[in-house]
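Residue numbers (the numbering used here), protein chains in the order written: chain A, 529 to 1078; chain B, 1452 to 1777.
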Amino acid sequence: MKKKYFQQILSVMMMAAMMLTGCGSSEEQTIGGQVSPGTSEPTAEAAGSVDTLTIAITKDENTLAPFTYVSGTGLTVNRLVYDTLMTTDAEDEIIPWMVEDDYEVVDFKEYTFTLKEGQKFHNGNPVTAEDIKFSFEYPSSQKVSGQRKQCDKVESIEVIDENTVKFVLKEADINYMRDGFSYIRILDDAVYEGIEDGASISDSIGSGMYKLVEYKTGEYYKLEAVEDYFRGTPKVKHINMPIISDNTAIQQGLLSSQLAASTGSIGIEMIDTFEAVDGMTVYSNPGFAPMILNINNGRAPFDQVDFRNALAYGMDVNTICKTLYGEHALVGTKGAIRSDLSYSQDGLEYVYDTAKAVELLEGLGYTEQKDGIRLDAAGNLLSFEIVTYAGNDLRSRACELIQTQLKEIGIDVQIMTMDMDTADAYIWPDFDVANGRDYDLSTWGWSTSNSLTYLISLCSSDFAAGNYNVCGYVSEKFDKLVAEKLSSVSSMEEMEMLLKELQTVIAEEVPLITIAYADTLQVCNTKMYDGWKAGKGMNVINIFSFVDEQ
Amino acid sequence: MNTSIRKRWSHYLILVVAIIVINFFLPRLLPGSPLKSLVGENPGDLTAAQKMGILDAYHLNDPMWKQFLYYLRDLFALNWGNSYSKRQPITDLIISRTGWTLLLAGSNMILSTLIGTALGAWSAFRRKKKKDLSLVISTTILDSIPSFWMAVILLAVFGVKFGWFPIYGAYSMWENHTGFHKIVDILHHLALPLFTMVVTSLMSFFTTSRYSVLQILNEDYVKLAKMRGIPKGRITVWYVMRNTLVPVFTLFMMDVGYLLSGSVLIETVFTYPGLGTLMQEAVKARDYPLIQYTFLLASLLTIAALFLSDVLYDRIDPRLEVQEDE
């Protein structure tokens, strides 16, 4: 009887809500691909010509312009609107995009490019060598620009003719093809010329395959294909991008076909759910963002190499990786880079050996124990804090596993969960490694581990070069190698040799522990559109999903 | 102006001053820095001098008292500037979001008050009967369900499984509806978030109303009215419900304070572009000006609600004014 009343009340409430909302309305909406609410079967579209796709963007990235976007999500989406001279393909190889294949490189210091024919900005202006020059100079004049660091590396830019431009860098930089030419967005100088603050420009005018036709703060973006794009007309005419930050809402949107894809990713626990749905494909893209255990190298006892090695031997990195990501990750190595990169040094795999860890700890004098936890010379428990971000379930789980494993060798770990900004303030105060650090251990991640200068940024004690050295690692060996060899590198082979040597040093001294490189798992509706392209380190919302590489 | 009113005004004035001051200092006491929001993607790529230059440009390296004076100047000149993270005028951001929040949270307040009060009274009149017990149990169960959980379930069932409702937004972003169609479209998008909010916030009005009615039903004047043969409907409306109004009204006015900020979870799950999510994003981004002005707005609304309730109490129940004068 009670159940009956309960049901009645619920029914009345739902009826009232439905009457209020007129859910029986025959209003049609263009959502997802060509689907309307109540229609469970989306209209299948071949990759040839799709009118509209709805793709969730997980963050409000302002106008998507190079001076207003706020995160990697914005960088991903604005690549559709803004072109770059070079780009990376599905294999993460650098290929020419706006320029002809016969570009010249001299000693990784001088680069000469010729623009391909037929490129135009969305306002109709042609893309010229002057625009290229401007695009690499203007960010240096901006107080707030993520591109500034790369632009500051340029000594001079010479416009040889309307389509040819020559760059001379201040110093040889083997990585500039990736960090500079594949990253700097090309601007129309007519739009930004004389504008002191680039962020004040409300229009987003690039020369990419899509133009931004509408942006509503906090709500959505509307992109429209550039019909006469120099590399061919994009296969999807309109892309609608609602800003949806909640993962659950995105997943529901994908399941209901109200969304065709998302810039965000899913966890491994959702793979089966999506794969069971007809027309849903889960793309697993090898990622370059590592999950790291940062060790504060400047704080005792972590300042001892043997102690850090004991941590590495005491952690079963393979098990942690497998537990967190299943088959969808590459386990980290002592070399701190992906083991499948061409310049990865062989034989640097982590070895789980608790006996060796115990031997190292006892060699350091940590022999006494109380309740299974070792004591230091002063009789204090060997107990440390590990800082991790609140709301990041994977990192929290990793902390729990590390806690359990280190307890086996007599080290106690307390997990400190904090919001991102609070944790950053302890680990990377003011985002300047020269400002020191105040933590024992922390979970961490970077997005740029495929850059040739990644290891140097991560481990150099010259904080201008080692600007990501949040562990405060200082190594004479490492610094000497960088100082002696980096500036004289004149070929890719030499650079790879240097990187292998650096990995060997890192493996011996263990400034940090790289746990895994997780794949990026993204769901796409292939019934609505089957042109999605996935690749190494690539979001599925990339240029190759909408135009062919050739 | 009598002493009582002067005293009351002075209380509100002190409250407003305190809020203006707290709104400045509170965001700055949070650990972390707005640098990441100001710079964008890679704050670690900037040199120390470049970072200082950015902080200087926003007066963030100035002494705190100086920053406070800038804040007061901008506040009273209504020159609220741009958001650090959104790079847009704060007034535009607040205006664009406030309407949707008022629609969602305002509708919820009205509906949950009306439905909760009516159900509470209906239940009280059937005290100790099965219907009363069923309602008490039902509302208790509904109240114990976390709102975000209810939201996710409703989204999955009515948005995905049946496809009756859209799962994101406050309106169809990709259509240009006008007139009646636009209203229907907005209500269509409002349905699930509103239903979730109403169902999960009924309980307080239900219990308050039920308890008040039960108490009033035992009052002598109600018993006397029944003995005098006054019609039941008249007793219900004029003797019982009218006197139930004071506690319900108190509860209603307390909720007004949460009007702008109380629907953060629901706005997030349903991707409803309201002020609650804006406030949440501002805190996450350490966007000082946006935190200051959104919280200021919410605080001032609370004070306005308190003030209004103070004024209206006297009208609703003149006995309160007499007590105060005494």
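Ideal Cβ positions, reconstructed from N, Cα and C, are used throughout, including at glycine.
Taking the straight line between their C-alpha atoms, what separation do you get for residue i and residue j?
| i | j | result |
| --- | --- | --- |
| F649/A | I729/A | 15 Å |
| P1784/B | L1565/B | Given that chain B is displayed from residue 1452 to residue 1777, the structure contains no residue 1784/B and the question cannot be resolved. |
| E1022/A | E1029/A | 11 Å |
| C679/A | T612/A | 14 Å |
| P1740/B | I1541/B | 8 Å |
| V1033/A | K1005/A | 7 Å |
| D731/A | G708/A | 24 Å |
| K1537/B | A718/A | 25 Å |
| R1479/B | V1472/B | 12 Å |
| I848/A | P1482/B | 31 Å |
| F991/A | T656/A | 37 Å |
| M944/A | T1629/B | 52 Å |
| D659/A | P1724/B | 37 Å |
| Y894/A | N824/A | 19 Å |
| P814/A | A1642/B | 41 Å |
| L858/A | S812/A | 12 Å |
| I1071/A | M614/A | 12 Å |
| K1677/B | L1653/B | 30 Å |
| G1532/B | D1525/B | 8 Å |
| I1781/B | F1527/B | No answer is possible for residue 1781/B: the residues shown for chain B start at 1452 and end at 1777. |
Terminal residues of the continuous alpha helix (DSSP H) containing residue i?
| i | result |
| --- | --- |
| L1027/A | M1020 to E1037 |
| Q1501/B | A1499 to A1508 |
| Y1662/B | G1630 to L1668 |
| M1705/B | R1693 to V1707 |
| S1585/B | K1581 to S1595 |
| P1740/B | Y1739 to I1767 |
| E890/A | T882 to G891 |
| A857/A | Per DSSP, A857/A belongs to no alpha helix (DSSP H); it is in the beta strand (DSSP E), A857 to V859. |
| I955/A | M948 to I955 |
Just reading off the beta strand (DSSP E) that residue i is part of, what are its end residues?
| i | result |
| --- | --- |
| D800/A | That residue, D800/A, is in no beta strand (DSSP E); its alpha helix (DSSP H) goes I799 to E803. |
| A753/A | Y748 to A753 |
| D689/A | V682 to D689 |
| A1044/A | L1040 to A1046 |
| K739/A | Y738 to K744 |
| F664/A | F664/A -> not in any beta strand (DSSP E); alpha helix (DSSP H) instead, spanning A657 to E665. |
| F641/A | E638 to T642 |
| L697/A | T692 to L697 |
| I823/A | P818 to I823 |
| N606/A | No beta strand (DSSP E) contains N606/A, which is instead part of the alpha helix (DSSP H) from G600 to V609. |
| W972/A | L969 to G973 |
Would residue i count as contacting chain B if we go by Cβ distances under 8 Å?
| i | result |
| --- | --- |
| E747/A | yes |
| F959/A | yes |
| N995/A | yes |
| V598/A | yes |
| K694/A | no |
| N775/A | no |
| V1051/A | no |
Counting only beta-carbon separations shorter than 8 Å, does residue i have a partner in chain A?
| i | result |
| --- | --- |
| D1738/B | no |
| K1683/B | no |
| S1461/B | no |
| D1496/B | yes |
| L1554/B | no |
| P1597/B | no |
| R1577/B | no |
| P1478/B | no |
Could you tell me which residues DSSP pairs with residue i in its beta bridges?
| i | result |
| --- | --- |
| Q1092/A | Coverage of chain A is limited to positions 529 through 1078, which leaves residue 1092/A absent and any answer about it impossible. |
| L934/A | Beta-bridge pairing links L934/A to no other residue. |
| I513/A | In the structure displayed, chain A extends from 529 to 1078; residue 513/A sits before or after that span and is not available. |
| V764/A | V578/A |
| E632/A | T640/A |
| N1053/A | M808/A |
Using the beta-carbon of each residue, which ones in chain C are nearer than 8 Å to residue i?
| i | result |
| --- | --- |
| F1519/B | Any reference to chain C falls outside this structure, whose protein chains are A and B. |
Query raised in the report: Is the stretch 1515-1533 of chain B touching the stretch 975-985 of chain A, taking contact as three or more C-beta pairs under 8 Å?
Result: With fewer than three CB-CB distances shorter than 8 Å, the stretch 1515-1533 of chain B does not count as touching the stretch 975-985 of chain A.
Query raised in the report: Counting pairs of Cβ atoms below 8 Å between the stretch 575-594 of chain A and the stretch 786-798 of chain A, do you hit three or more?
Result: Contact check between the stretch 575-594 of chain A and the stretch 786-798 of chain A: three or more CB pairs, one atom from each, fall below 8 Å, which counts as touching.
Query - Touching by the beta-carbon criterion (3+ pairs, under 8 Å), the stretch 626-634 of chain A and the stretch 1064-1078 of chain A - result: The answer is no - the stretch 1064-1078 of chain A does not touch the stretch 626-634 of chain A, with fewer than three Cβ pairs under 8 Å.
Report task. Flag this pair as touching only if the stretch 743-750 of chain A and the stretch 766-777 of chain A have three or more C-beta atom pairs under 8 Å; answer yes or no. Result -> The answer is yes - the stretch 766-777 of chain A touches the stretch 743-750 of chain A, with three or more Cβ pairs under 8 Å.
Query raised in the report: Quick one: any contact between the stretch 1038-1046 of chain A and the stretch 801-812 of chain A, if contact means 3 or more CB pairs under 8 Å?
Result: Touching, no, given that fewer than three Cβ pairs across the two stretches are closer than 8 Å.
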